[in-house]
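A short write-up of the structure that comes next.
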Amino acid sequence: MTNELISGWGRTQWVRSQLERASTLDEVRNVVQNAEKKLIPRGLGRSYGDAAQLSGGIAITIDEPVTDPIIADGKTTLSAGYSLDNLLRRIVPKGYFVPVTPGTRYVTLGGALASDIHGKNHHIEGTFSRHIESFAIVTPTGTQLVTENSEPDLFNATSGGMGLTGVVTDMTMKLIPIESAYIKMETARLRDLDETLSTMAGSDHKFRYSVAWIDLMARGSAMGRSVLTRGDHASLSELPPQMASDPLKYEAKALVDAPPFIPNGLLNNITVRAFNELWFRKAPTFRADEITSIASFFHPLDMVGKWNRIYGKKGFLQYQFVLPDGQEEVLRGIIERLSGLQVASFLAVLKRFGPENDGFLSFPKPGWTLALDIPITNAELGNLLDELDRIVLGAGGRIYLAKDSRMSKEVFEEMYPKLDKFKEVKARVDPNNVITSDIATRLSIC
Amino acid sequence: MFDAFRTPDNVLVVGGSSDIGLEIAKALAKRGSSNFLLAGRNIDQMAACANDISSASKSRCQVAVVHYDASHDNSHSHLLAAAKDELKTLDYAIFAVGLLGDQLNDEKDASKAREILDINFTTQAMAILEVANYMKEQGFGQIVVISSVAGVRVRRSNFIYGAAKAGLDGFSMALGDALAGTGVGVTVVRPGFVKTKMTSHLSAAPLSTDAPTVAKATLKATDAEKSSIYVPFAIGIVAGIYRHLPRKIARRVPF
Chain L
1 MTNELISGWG RTQWVRSQLE RASTLDEVRN VVQNAEKKLI PRGLGRSYGD
51 AAQLSGGIAI TIDEPVTDPI IADGKTTLSA GYSLDNLLRR IVPKGYFVPV
101 TPGTRYVTLG GALASDIHGK NHHIEGTFSR HIESFAIVTP TGTQLVTENS
151 EPDLFNATSG GMGLTGVVTD MTMKLIPIES AYIKMETARL RDLDETLSTM
201 AGSDHKFRYS VAWIDLMARG SAMGRSVLTR GDHASLSELP PQMASDPLKY
251 EAKALVDAPP FIPNGLLNNI TVRAFNELWF RKAPTFRADE ITSIASFFHP
301 LDMVGKWNRI YGKKGFLQYQ FVLPDGQEEV LRGIIERLSG LQVASFLAVL
351 KRFGPENDGF LSFPKPGWTL ALDIPITNAE LGNLLDELDR IVLGAGGRIY
401 LAKDSRMSKE VFEEMYPKLD KFKEVKARVD PNNVITSDIA TRLSIC
Chain D
1 MFDAFRTPDN VLVVGGSSDI GLEIAKALAK RGSSNFLLAG RNIDQMAACA
51 NDISSASKSR CQVAVVHYDA SHDNSHSHLL AAAKDELKTL DYAIFAVGLL
101 GDQLNDEKDA SKAREILDIN FTTQAMAILE VANYMKEQGF GQIVVISSVA
151 GVRVRRSNFI YGAAKAGLDG FSMALGDALA GTGVGVTVVR PGFVKTKMTS
201 HLSAAPLSTD APTVAKATLK ATDAEKSSIY VPFAIGIVAG IYRHLPRKIA
251 RRVPF
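Next up, the structure:
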């Protein structure tokens, strides 16, 4: 046990918490049932805001196992403390891949379920929880093995439930078989928002993975220009000979760490504009059948460790919302607004979502999701985002809890109509509200 | 809780009808803070302040008022109890109690002098300590203490008030050091001459400022987690020079 100052990935809200570690179900149970303070599970702390922290309380982390996963029938039962990084190193060489990965491999399975994460394949394969057959959860009222059939409400409250229903200790997940550790990728440079939206709406369904990087600093006729990358796992026959000799060789390296002391304002609209210009121009106009590694396709940012430091002491936030299909004009309006104000955002990401799932607080719904990283500047930026929240809400969209660090509880309540069902389950499994977090307090989730 | 912009949800204003306290509260309400507790002696004045804060608010906000008389024993523990009742978390606490007194009369009357010292320093320090300990347990928080340039070098013209502010300033700065690494920050604000109710009978000194300016500078400082600021900035330079003048010369400086 130690007491430390912790924050989310955005490094905005620092609080002191008691950090506890546990490696077995009994140890977790011991912490949960004998806790003198309130607690929240915390994985690798990659949610951007205040979801994986509890000021003045306990943040419990499940130790990462050092054992190899046992895979049978393409399924495996794993500790919630497993990071995707560790897991991929162990399963890719065996010919398996995780069903859903976010843009970083430094998340735990527990965190992935709590945020009900999505990846580049959401439009085809849905969120993380759709690939979970069962999980074991320690709640203040007991320990249960939960499947979607046995306990649908607890399953759906926990999928995307931000860790607030209990501490998930392990889960059984369906893996996907792969023939190689490579992706066959297609890259297209799209000159404006119209082309971006029509290309994605028109042909994303032909690709398992798809995501567009949008230059939000581009104005005028170039507004909404993007680099769209799409692909699928390469089969053995698609590999060039030198790769085919060792097709499942998995390499994922963090090359350097960002230095610890970086002044506020390094990323401003001039530097970001220059970066975006370069990034856009370095992409080919169109290139198909390129073979690239899993790490560079899915997790390019992981090459720089602790890259959140580049935003300086004030930190940054990620604004991610979804707008339903048919709300393209609203999306255009928001992008116009951001590009007009030159909000310094690099690597804004646009992606299509497939069907909504049953998670009570799950984020995705069919349509478009845009995610942008923004350095914290001043409260005016907060006002702008509050306005955008209202626009998103009015169009039937919502904000992703795993990224949020600033929305209002009124907006949150309206965006998540199944909140009442979540609260019902929460009151049943944790009547004294022992498990809570800073985001839960801020948004009055429970 | 704080949001990513360090805008708090819950705000305590001690010296609930002070002009500076009110302006900071209004500025926070404008940014989205939703719950306020004003603590002070004058309920009527605080009720008027509550209205001002509500009208400044960006969305819905609630303002509660509690009677707090720093001259009573245990007032600091009543203050904390009220804060716990009214506010879900204690995010941002502003200590803006100030009593200027009347130097030339007060220095002839030890009990009057004591009142000035108590209100500006002793009882306020106790309340700050109480809140600081609570925030430390809570794991985060921001304390704002309204000090004064009068405390940088105590002057003959208001040495009772100045000494109290000097004490408060030193106390708060070192408390900030003590709280390093706890998630709780202390920001000491040292305004020059501020045109407020408290100073309305005086003629404005050079580099004078007003309460909204102090409020704006205060929020900027707490956003950046600064330990102290002068308002306006230039008064800090003046005070810094004045502080090191030989006493014989300083005595002749006419303010």
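Chains L and D, in that order, are what the protein sequence lines are. Per the numbering used here, the first sequence starts with residue 1, numbered consecutively. Per the numbering used here, the second sequence starts with residue 1, numbered consecutively. Heads up, the beta-carbon is just placed ideally off N, CA and C, and yes, glycines get one too.
> Is there contact here, the region 45-58 of chain L with the region 7-23 of chain L, by at least three beta-carbon pairs under 8 Å?
Replying inline: Between the region 45-58 of chain L and the region 7-23 of chain L, the count of Cβ pairs shorter than 8 Å is three or higher; the stretches touch.
Practice item. Say whether the region 245-265 of chain L touches the region 214-231 of chain L, bearing in mind that this needs 3 or more beta-carbon pairs closer than 8 Å, one atom from each stretch. Key: Three or more beta-carbon pairs separated by less than 8 Å are not found between the region 245-265 of chain L and the region 214-231 of chain L, which leaves the two stretches without contact.
Taking the C-alpha atoms as reference points, what is the distance between Q242 (chain L) and Y311 (chain L)?
When rounded, the separation of the alpha-carbon atoms in Q242 (chain L) and Y311 (chain L) is 40 Å.
Original post:
For F207 (chain L), which residues of its own chain have a beta-carbon under 7 Å away from its beta-carbon, when the five flanking residues on both sides are left out?
Top reply: Within the same chain, Cβ atoms closer than 7 Å to the Cβ of F207 (chain L) are found at R230, G231, D232, the five residues on either side in sequence being excluded.
Point to revise | Amino acids of chain L, ordered along the chain, whose beta-carbon sits closer than 9 Å to that of F233 (chain D) | key: Within 9 Å Cβ-Cβ: nothing; F233 (chain D) doesn't reach chain L, min ~18 Å.
Item to complete: Show which residues of chain D have a CB atom less than 7 Å away from the CB atom of A244 (chain L).
Response: Per Cβ cutoff of 7 Å: no residues; A244 (chain L) is ~48 Å from chain D at best.
task: Leaving aside the five residues before and after K226 (chain D) along the sequence, list all residues of the same chain whose C-beta is less than 7 Å from its C-beta, in chain order.
output: Cβ within range, chain order: T187.
- Check whether the region 412-429 of chain L touches the region 24-40 of chain L, counting contact only when three or more Cβ pairs, one atom from each stretch, lie closer than 8 Å. Taking a cut-off of 8 Å for Cβ pairs, the region 412-429 of chain L and the region 24-40 of chain L do not touch, as fewer than three such pairs fall below it.
Open item on the list: For T158 (chain L) and T122 (chain D), what's the separation of their Cα atoms in angstroms?
Closed with: Distance from the CA of T158 (chain L) to the CA of T122 (chain D), rounded to the nearest whole angstrom, comes to 51 Å.
| request: Kindly confirm or deny that the region 83-99 of chain L and the region 317-336 of chain L touch, where touching means at least three C-beta pairs closer than 8 Å. | output: For the pair of segments examined, the region 83-99 of chain L was found not to touch the region 317-336 of chain L: the number of CB pairs separated by less than 8 Å stays below three.
Hey, is D438 (chain L)'s beta-carbon within less than 8 Å of any beta-carbon in chain D?
Cβ-Cβ to chain D under 8 Å: yes for D438 (chain L).
Self-check item: Collapsed DSSP secondary structure at A188 (chain L) in the structure displayed
Solution: DSSP places A188 (chain L) in strand when its eight states are reduced to three.
**Asked** What residues from chain D crowd round D50 (chain L), counting only those whose CB sits closer than 9 Å?
**Response** The answer, in chain order, is M1, F2, D3, A4.
* Candidates L:S437, L:S345, L:P69, L:R442, of which the one nearest V167 (chain L) by Cα -> Put simply, of L:S437, L:S345, L:P69, L:R442 the residue whose alpha carbon is nearest the alpha carbon of V167 (chain L) is L:S437.
Looking only at its own chain, which residues have a Cβ that is under 8 Å from the Cβ of Y106 (chain L), when we skip the five neighbours before and after it?
When the five nearest sequence neighbours on each side are left out, the beta carbons in the same chain lying within less than 8 Å of the beta carbon of Y106 (chain L) are those of L44, R46, S83, L84, D85, D302, in order along the chain.
Q: Output, in chain order, the set of chain D residues within a Cβ distance shorter than 7 Å of I376 (chain L).
A: Chain D residues near I376 (chain L): A4, F5.
Among L:T172, L:G382, L:T67, the one whose alpha carbon lies nearest that of P99 (chain L):
When only C-alpha atoms are compared, the closest one is L:T172.
Using a Cβ-Cβ cut-off of 6 Å (strictly less than) and excluding sequence neighbours within five positions of T292 (chain L), which residues of its own chain qualify?
-> Around T292 (chain L): I183, M185.
Q.
So with CB distances below 8 Å, who are the chain D contacts of T441 (chain L)?
A. Residues of chain D passing the Cβ test: M1, K88, T89.
Review point. Quick one, which of L:M162, L:P260, L:N268 has its alpha-carbon nearest S444 (chain L)'s?
Key: Taking each of L:M162, L:P260, L:N268 in turn and checking the Cα distance to S444 (chain L), the smallest one comes out for L:M162.
| Distance, Cα to Cα, A234 (chain L) vs G181 (chain D)? | When rounded, the distance between both Cα atoms is 49 Å.
- Taking V11 (chain D) as the reference, which of D:Q142, D:I116, D:A70, D:R251 has the closest Cα? Measuring from the Cα of V11 (chain D), the nearest candidate turns out to be D:Q142.
**Study point:** Residues near G40 (chain D) in its chain [Cβ-Cβ closer than 7 Å; skip 5 each side]
**Key:** Taken in chain order, the residues that qualify are G15, G16, S17, M46, Y68.
**Prompt:** Taking the continuous beta strand (DSSP E) assigned at V14 (chain D), which residues delimit it?
**Reply:** 10-14 is the extent of the beta strand (DSSP E) around V14 (chain D).
| said: Are there any heavy atoms of the ligand MN lying less than 7 Å away from the beta-carbon of T76 (chain L), as far as the coordinates show? | reply: With respect to the ligand MN, the structure shown offers nothing to examine, as it has no ligands at all.
Contact defined as beta carbons within less than 8 Å: I believe I335 (chain L) pairs with M223 (chain L). What is the distance between those atoms, to the nearest angstrom?
So it is a contact: roughly 7 Å between Cβ atoms.
Using DSSP with H/G/I as helix, E/B as strand and the rest coil, what is K197 (chain D)? For K197 (chain D), the secondary structure class from DSSP, reduced to helix, strand or coil, is helix.
*Beta bridge counterpart(s) of Y319 (chain L) as assigned by DSSP*: L:L372.
Exposed or buried, which one is N357 (chain L) when buried takes at least 16 other CB atoms within 10 Å?
So N357 (chain L) ends up on the buried side.
| task | Would you mind sorting P246 (chain D) into buried or exposed? The rule is 16 or more other CB atoms within 10 Å of its CB. | result | Only exposed fits P246 (chain D), as fewer than 16 other CB atoms lie within 10 angstroms of its CB.
inquiry  = Against chain L, with Cβ distances strictly below 8 Å, would S55 (chain D) count as a contact?
reply    = No, its Cβ sits nowhere closer than 8 Å to a Cβ of chain L.
**Prompt:** Quick one: what does DSSP say M453 (chain L) is sitting in, helix, strand or coil?
**Reply:** Any answer about residue 453 (chain L) is impossible in this case: the structure gives chain L only from 1 up to 446.
Endpoints, the alpha helix (DSSP H) within which P241 (chain L) is located = Residues 241-244.
Quiz item: So N120 (chain D) packs on L90 (chain D), CB below 8 Å; how close in whole Å?
Solution: Wrong, their Cβ atoms sit about 23 Å apart, outside the cutoff.
Notebook entry, point to check: Leaving out five residues before and five after G183 (chain D) in sequence, what residues of the same chain have Cβ atoms less than 6 Å from its Cβ?
Noted result: Here the set comprises G139, F140.
*asked:* Would you say T218 (chain D) lies against chain L (beta-carbon separation less than 8 Å)?
replied: Judged by the 8 Å Cβ criterion, T218 (chain D) is not in contact with chain L.
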